[in-house]
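Just remember that this note's numbering sits 51 ahead of the position in the sequence shown, which is counted from 1.
Accompanying notes for the structure given below.
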Amino acid sequence: SRSDPDLAYAILERSIHEAKFPEVPHTWARMRDGTFCGGAFVTIKPRIFPSLARFIERLGAARKNPMHLALLFGPDVLLKFAFRRLSVADAESRASRVLSAKVRAVPCAYPEMAVNVDRATDVALAESLIQRSDRSSA
Numbered sequence: 052s053r054s055d056p057d058l059a060y061a062i063l064e065r066s067i068h069e070a071k072f073p074e075v076p077h078t079w080a081r082m083r084d085g086t087f088c089g090g091a092f093v094t095i096k097p098r099i100f101p102s103l104a105r106f107i108e109r110l111g112a113a114r115k116n117p118m119h120l121a122l123l124f125g126p127d128v129l130l131k132f133a134f135r136r137l138s139v140a141d142a143e144s145r146a147s148r149v150l151s152a153k154v155r156a157v158p159c160a161y162p163e164m165a166v167n168v169d170r171a172t173d174v175a176l177a178e179s180l181i182q183r184s185d186r187s188s189a
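Here's what the structure looks like:
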C-alpha cells in the first residue's frame, strides 16, 4: 500500500519552499505534476539495503543533476523527464522496479526539511535562517 513503503523520500514543492525561503538555492526537478526538490528525510526498511547499496553511489553522484538522475532509471525516464512528462507516480513506479521495493515520494509542507547543510556556506545560511526565525517568534 502507499502507506507502507520500503523507502520513503520527502519532496517539497517549489512554491512552498520559496514562499518561506526564497534565498535558499536548490536543485529543482520539473515534473509533470509540479517542480520539486528533495527533502532531507528518508526512511528505509532494512530488507532493501542490499539492492539499494548497489545503486546508492550512482544516486549520490547524480543527485545535483536531475537529468543524470533520470538517466539512471532508463532512457525512457530521461526522455519523459526532459519533456516534463514524468510524473511523481511514474518516478515512484520506476524506482520501485529498479530497487525491487516499494518506493514512495512523500510531499512535505515544511520548507525547513529541504534546507541543506552539506557545505560550510549551507551551515552559515541555515544558522541565519534559525536566527531570523528566533527573532520573529520572540
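From the three backbone atoms N, C-alpha and C, an ideal C-beta is built for every residue, glycine too.
So residue i packs on residue j, CB below 8 Å; how close in whole Å?
i: M82; j: S147; result: At roughly 16 Å, the Cβ-Cβ gap does not stay under 8 Å, so M82 and S147 are not in contact.
i: S63; j: P162; result: Reading off the sequence, residue 63 comes out as Leu, not Ser. That pair is a contact at about 6 Å.
i: A165; j: H68; result: 6 Å
Just the C-alpha distance for residue i and residue j, rounded to the nearest angstrom, thanks.
i: E143; j: A156; result: 7 Å
i: L129; j: A121; result: 5 Å
i: F100; j: R145; result: 17 Å
i: P158; j: K96; result: 19 Å
i: S52; j: L123; result: Summary for S52: the model assigns pLDDT 48, below 50, so the residue's position carries little reliability; its value from the coordinates is reported in the next sentence. If you take the alpha carbons of S52 and L123, they lie about 25 Å apart.
i: S187; j: R170; result: 26 Å
In this structure, how does DSSP classify residue i when only helix, strand and coil are distinguished?
i: F92; result: strand
i: L58; result: strand
i: G125; result: coil
i: F87; result: strand
i: R136; result: coil
i: P117; result: helix
i: E143; result: helix
i: R170; result: coil
Check whether the Cβ atoms of residue i and residue j sit closer than 9 Å, and answer yes or no.
i: S102; j: A59; result: no
i: N167; j: A177; result: yes
i: F92; j: L180; result: no
i: F87; j: V149; result: no
i: R98; j: D55; result: no
i: R65; j: G89; result: no
Open item on the list: For the pair the segment 74-81 and the segment 111-118, tell me if three or more CB-CB distances fall below 8 Å.
Closed with: The segment 74-81 is in contact with the segment 111-118.
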